[in-house]
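Trainee: Numbers 13 to 715, taken from my numbering, label the letters of the sequence shown in order. One structure, pasted below without further comment.
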Amino acid sequence: MLLQCFLFSCASERRRTNKNWLVTLISSAYFLADWVAPYTIGLISVRLSKGVCETPDRAESYYVNRNSNKDCSPDALQYYVTSRYLRFWAPFLLLHLGGPDNVTSLSAEENNMWLQQLVRLISQIVSTVLIFIRFASYGGFNLASQLVFLAGTIRCIERVHSLYLARSGGLKESSATRVKLHAGPDFVKLSKAQRTMREANLPTTVESVQLPPKKFKPQSPSLWDVELVFDNDQLLDEKSLLQLALCFYNNFKGLFFEGVSYSHEQRQFTRDFFLRRSSRDAFKLAEIELSFIHKDLHTKTGTPHLDGNPVVRVMTLSLITAASVIYCQWDDPELVRRVWTLFYRRKRYEWLLVDIGISYALVIGALILEIVSLLIVLLSGRNVIAFNYYNWVKPIANAVVNMRKWKESFSKCNLICYNLRHGTPRQISFIAEFLFIGPALEVWKLKRTVTSETVSESLKDKIYTELRTRSELAQNVEIATKICSQRGDWMLMQRSCYRKLKWSLGEVEYGRSLLLWHIATDLVCYKTKDCDKDTLNSDRQFCKDISEYLLYLFLAKPTMIAPAAGNSVKIFQDTSLEAKRLFRKRSITDHDQALKEIISVNTDFKPAILKGDASESVLFDACILAKQLSEYNADKQWSLMSGVWMELLTYAAFHSKGTDHAHQPSKGGELFTFVWLLMNHLGLGKQFREERSRTGYRVVVQK
Numbered sequence: 013m014l015l016q017c018f019l020f021s022c023a024s025e026r027r028r029t030n031k032n033w034l035v036t037l038i039s040s041a042y043f044l045a046d047w048v049a050p051y052t053i054g055l056i057s058v059r060l061s062k063g064v065c066e067t068p069d070r071a072e073s074y075y076v077n078r079n080s081n082k083d084c085s086p087d088a089l090q091y092y093v094t095s096r097y098l099r100f101w102a103p104f105l106l107l108h109l110g111g112p113d114n115v116t117s118l119s120a121e122e123n124n125m126w127l128q129q130l131v132r133l134i135s136q137i138v139s140t141v142l143i144f145i146r147f148a149s150y151g152g153f154n155l156a157s158q159l160v161f162l163a164g165t166i167r168c169i170e171r172v173h174s175l176y177l178a179r180s181g182g183l184k185e186s187s188a189t190r191v192k193l194h195a196g197p198d199f200v201k202l203s204k205a206q207r208t209m210r211e212a213n214l215p216t217t218v219e220s221v222q223l224p225p226k227k228f229k230p231q232s233p234s235l236w237d238v239e240l241v242f243d244n245d246q247l248l249d250e251k252s253l254l255q256l257a258l259c260f261y262n263n264f265k266g267l268f269f270e271g272v273s274y275s276h277e278q279r280q281f282t283r284d285f286f287l288r289r290s291s292r293d294a295f296k297l298a299e300i301e302l303s304f305i306h307k308d309l310h311t312k313t314g315t316p317h318l319d320g321n322p323v324v325r326v327m328t329l330s331l332i333t334a335a336s337v338i339y340c341q342w343d344d345p346e347l348v349r350r351v352w353t354l355f356y357r358r359k360r361y362e363w364l365l366v367d368i369g370i371s372y373a374l375v376i377g378a379l380i381l382e383i384v385s386l387l388i389v390l391l392s393g394r395n396v397i398a399f400n401y402y403n404w405v406k407p408i409a410n411a412v413v414n415m416r417k418w419k420e421s422f423s424k425c426n427l428i429c430y431n432l433r434h435g436t437p438r439q440i441s442f443i444a445e446f447l448f449i450g451p452a453l454e455v456w457k458l459k460r461t462v463t464s465e466t467v468s469e470s471l472k473d474k475i476y477t478e479l480r481t482r483s484e485l486a487q488n489v490e491i492a493t494k495i496c497s498q499r500g501d502w503m504l505m506q507r508s509c510y511r512k513l514k515w516s517l518g519e520v521e522y523g524r525s526l527l528l529w530h531i532a533t534d535l536v537c538y539k540t541k542d543c544d545k546d547t548l549n550s551d552r553q554f555c556k557d558i559s560e561y562l563l564y565l566f567l568a569k570p571t572m573i574a575p576a577a578g579n580s581v582k583i584f585q586d587t588s589l590e591a592k593r594l595f596r597k598r599s600i601t602d603h604d605q606a607l608k609e610i611i612s613v614n615t616d617f618k619p620a621i622l623k624g625d626a627s628e629s630v631l632f633d634a635c636i637l638a639k640q641l642s643e644y645n646a647d648k649q650w651s652l653m654s655g656v657w658m659e660l661l662t663y664a665a666f667h668s669k670g671t672d673h674a675h676q677p678s679k680g681g682e683l684f685t686f687v688w689l690l691m692n693h694l695g696l697g698k699q700f701r702e703e704r705s706r707t708g709y710r711v712v713v714q715k
C-alpha cells in the first residue's frame, strides 16, 4: 500500500526532474511493487496451506463459544482471525498488482514484454481464485472479497492493454495518419464503358485528367467537434493551446515511428500554422504534444479506448466503495472485542490487532487511491478538451497547460573539463574491467563533469527564429532536405569564408566536425571573455550552450545522434588521451590554464603530418581552427559560429529517429527532442513526401 501511494504521488516526477537519486528511488519503488504483490499472494497461499488454518473445526469453535457465554480459546480465535483476514487480503494484492494510472512502464523494452506481463497477471489471478475456492469454508467477507477481486482484475486488464497498445508498432498501427493505400483507377469500370461505346459504334479514347489537390482536413481533437482557428496570428490562450496540441498530436503522431510519411498538403498545413506562431506558443504546443506521447506509451491515462475512459474508473471506484461498505457492516464487533480482551489479558496476541488494522488500512487506502485515479483521469488533457464547452473548464485547462511537463533544463559537458582529472588510476581501471563494470565507471566519470542549465526564453527565441528562417526558405521537400543536410557549409558560404574553413566541416565526418568546433568554441570563448557587448555575449553564450549540449548527447545518449555522428568514438578517445597527456605533463588542473596552454602550442604545420594515421585526435586541429576564427572581427566571428552551431544542431535533429525521441519525455525530456519536433512541424523533417499530381481517367467520345 505504501509503495502504491508513493508511486501515485511521485511517479510523474520522473519526467520533471533531473535528480538522479529521485529517478532511482521511483524506479526502485516501481520494480519493488511489481515484486511484492505476487510474492505476498504466494506467501498467503503457502501460509494457509501449511496449517495456520488447517483444521476448520478449531475455527468453528469460535462460533460455538460465541453463541454461549464462554470465552473462546486463544488458539481458536487465532485460527479464525488468520483465516478470515488472509483470505480477505488476497484480492487487494491483485488490485495493487494492476499498478497506478500514472505509470505502467519505464522503458520501451518493457512495453514490448506485454505478453510476459499478461502471463504473470493471469497466474496471479488464478492463484487468487484458488485461494477463494480452497479456503471457502473459512468465510470472511465473501461478497466484499469478490468485489475487490473484480476491481483488481479490471486494473490488471487495463495494465496489459496499455502495454499492448504501447508496444513497438502499437501506436503506429492505431495512428489515423498512417499512409493510405490506393488501388488506382477502376480498370474494369473504364474498360466496360469503353466497350459499351464501341458496341454503339462510337469512337472512344481514354485520356488522363489532372484533379485538383485534396485539401487536408485535420482530425478532430475530441469526440465532439471543436471549432479550431488555425489562421490566427494572436497569442494562444491555454484552452486553445490544449486543443491545438491534441489536434496536431492526433494528426502527426506518426512522426514518432518509422515508416509513416505525410503528404505535401499535410506539410503545408502544419508549416503554415507554425510559421505564424511565436516561440512561446510553439514550444508550449510541442511540450503538450510530448506529454501526450508520454501518456500513451507509459501510463494508463493516455489510451482513450479503455484505460483513459472515466467510465472504467467510476466502475472500479463503485466496486471498491461497495466492498468498503460491506466490510464495515459485516465486520464482527464481537470478534474485535474478544481480540482486545485477549490482548489486555495475555499481552501475547498483539498481532491479531495488527491484522484487523491492516484490513482497515487496505480498504481505506484502496478507496482513496481509486478516488485519486478518477480525478487524474477527469483532469487529463483529453477529457478537459471533451468538456471544453463549459466555463469551469478554463481554469482547469490553465492548470494543465502551465504544469511542468519536463525538466526544463539541458545538460552540458565540456571536453577540457572532462579530461582535467587525468583519468582513472590504472589499478581502478583494471579492477573495473575485471568485474565487468568498466562502462558503469565511464558513466560515473561523465556524471561528475556534466552540469545542468535551465532552458532560458532567449535560447528558445534564438532556436525558433533560426528554424523559422529555414522553414520560410523551404518551399518544398527538396529544398528542406538540402537546407537540413548542411553542416555549416551554408553559413560559411554566406560569410564568404567557405574555402578557408571548409576543411573543418564539409570535408570531414560529422563527429569530427562536432569535436573540432567544440574545442575551438571553448578556445575562442576564452580569448574573448573580456568582451562586454550584449549582442556578442548572447551569441557567445548560445554557441557555448549548443556546443556543450551536443557533446553531452554525443557521450551520454549516442543513439540520438548516431545516424549523424556515425562511429566517432575513436576520435573522441584519441583526443581525450592527447589532452590528458598534455595536462599531466604540465600539471594543469584549471580550465582557463588548460585553454591557455593549448593556444600557446605552435601550430605552424598540421598535426596530421606528425601523427599520420596512428591517432585520430583533433585537439590541435581545433587550435588551428580557433586561430583562424580569431582573424575575423568579433561581430562576424560570433555570428558565423552561432550559425554553424545551429546547422550542426539541425543536421543532427534531421537525421535522428522519431523512435528515439518518443521515450525521452519519460526520462525528463530533451531540448534536442523539442528541436526535432518543431523542425517537423515547420516542414523540415524526413517524413514528408514530394508533391504529386492527382490524375484521373475518363472515356471520351472522339468527334
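Where a beta carbon is used, it is the ideal one built from N, C-alpha and C, also for glycine.
According to DSSP, is serine 421 part of a helix, a strand, or is it coil?
Mentor: strand
Trainee: Answer yes if the stretch 421-431 comes into contact with the stretch 520-532, meaning at least three C-beta pairs across the two stretches below 8 Å, and no otherwise.
Mentor: yes
Trainee: Could you spell out the range, first to last residue, of the beta strand (DSSP E) harbouring serine 468?
Mentor: Where serine 468 is concerned, there is no enclosing beta strand (DSSP E), given that its DSSP letter is neither H nor E.
Trainee: May I ask you to report which of helix, strand or coil DSSP gives threonine 208?
Mentor: helix
Trainee: Threonine 477: buried (16+ other C-beta within 10 angstroms of its C-beta) or exposed?
Mentor: So threonine 477 counts as exposed.
Trainee: State the DSSP-derived secondary structure class of threonine 463, mapped to helix, strand or coil.
Mentor: Strand, per DSSP.
Trainee: So leucine 607 packs on tyrosine 663, CB below 8 Å; how close in whole Å?
Mentor: In fact, because the Cβ distance is near 27 Å, the residues do not count as touching under 8 Å.
Trainee: Beta-carbon of leucine 381 versus every beta-carbon of chain B: anything under 7 Å?
Mentor: The structure shown contains no chain B; it is built from a single protein chain.
Trainee: Taking one C-beta from the stretch 384-395 and one from the stretch 513-521 each time, how about it: are there three or more such pairs within less than 8 Å?
Mentor: no
Trainee: Counting C-beta neighbours from all protein chains within 10 Å, is the total for cysteine 340 16 or more, i.e. buried, or is it exposed?
Mentor: Looking at its Cβ environment, which holds fewer than 16 other Cβ atoms inside 10 Å, cysteine 340 is exposed.
Trainee: Would arginine 283 and glycine 695 be called neighbours here (beta carbons separated by less than 7 Å)?
Mentor: yes
Trainee: Determine, using beta carbons only, whether isoleucine 305 and phenylalanine 264 come nearer to each other than 7 Å.
Mentor: Result no, Cβ atoms of isoleucine 305 and phenylalanine 264 do not sit closer than 7 Å.
Trainee: Under three-state DSSP, which class holds threonine 282?
Mentor: helix
Trainee: What are the partner residues of tyrosine 274, as DSSP defines its beta bridges?
Mentor: Answer is Phe700.
Trainee: Rounded to whole angstroms, what's the CA-CA distance from valine 131 to threonine 140? Just pull it up for me.
Mentor: 14 Å
Trainee: For tyrosine 356, count neighbouring C-beta atoms within 10 Å of its own C-beta (all shown protein chains included) and say buried if the count is 16 or more, exposed if not.
Mentor: A caution first: tyrosine 356 carries a pLDDT of 45, below 50, which makes its placement in the model unreliable, though a value can still be read off. Tyrosine 356 is exposed by the Cβ-count criterion.
Trainee: Less than 6 Å between C-beta atoms, sequence neighbours within five positions excluded: which residues of the same chain meet that for lysine 82?
Mentor: Low local confidence applies: a pLDDT of 46 at lysine 82 is under 50, so the model's placement there is unreliable, with the coordinate-based value given in what follows. Cβ neighbours of lysine 82 beyond the five flanking positions: none.
Trainee: Using the Cα positions of isoleucine 53 and valine 323, report the straight-line distance between them to the nearest angstrom.
Mentor: 29 Å
Trainee: For aspartate 557, I'd like the list of residues in its chain whose CB is within less than 8 Å of its CB, leaving aside the five on either flank, ordered along the chain.
Mentor: Phe422, Lys424, Glu465 and Leu471
Trainee: Along the alpha helix (DSSP H) that carries glutamate 170, what are the first and last residues, could you check?
Mentor: 154-178
Trainee: Please state the DSSP three-state secondary structure of tyrosine 561.
Mentor: helix
Trainee: Verify the contact flag: serine 642, CB atom, against every heavy atom of the ligand MN, threshold strictly below 6 Å.
Mentor: This structure does not include the ligand MN; it has no bound ligands of any sort.
Trainee: Going straight from the alpha carbon of tryptophan 126 to that of cysteine 259, what length do you get?
Mentor: 29 Å
Trainee: Do phenylalanine 286 and cysteine 496 have their C-beta atoms within less than 7 Å of each other?
Mentor: no
Trainee: Looking at the unbroken alpha helix (DSSP H) that takes in aspartate 308, where does it start and where does it end?
Mentor: 291-310
Trainee: Taking the alpha carbon of glutamine 640 as the point to measure from, which residue in Glu270, Ser516 and Ser627 has its own alpha carbon closest?
Mentor: Ranking the options by Cα distance to glutamine 640, first place goes to Ser516.
Trainee: How big is the Cα-Cα spacing for serine 392 and alanine 257?
Mentor: 13 Å
Trainee: Give the straight-line distance between the Cα atoms of serine 39 and leucine 14, rounded to the nearest whole angstrom.
Mentor: 15 Å
Trainee: Closest to serine 414 by C-alpha separation, out of Leu248, Pro50 and Asn431, would be which residue?
Mentor: One detail in the question is off: residue 414 reads as asparagine in this sequence, not serine. For the residues Leu248, Pro50 and Asn431, the minimum Cα distance to asparagine 414 belongs to Leu248.
Trainee: On the DSSP letters alone, give me the boundaries of the alpha helix (DSSP H) that tyrosine 538 sits inside.
Mentor: First-last of the alpha helix (DSSP H) with tyrosine 538: 522-539.
Trainee: Going straight from the alpha carbon of tryptophan 33 to that of leucine 562, what length do you get?
Mentor: 24 Å
Trainee: May I ask which residues mark the beginning and end of the alpha helix (DSSP H) holding threonine 587?
Mentor: 581-597
Trainee: Identify which residue in Pro215, His173, Leu309 and Asn154 has its Cα closest to the Cα of proline 677.
Mentor: Leu309
Trainee: For proline 103, name the three-state secondary structure that DSSP assigns.
Mentor: helix
Trainee: DSSP state of glycine 681, grouped into three classes?
Mentor: coil
Trainee: Between the stretch 44-53 and the stretch 106-122, do at least 3 Cβ pairs fall closer than 8 Å?
Mentor: yes
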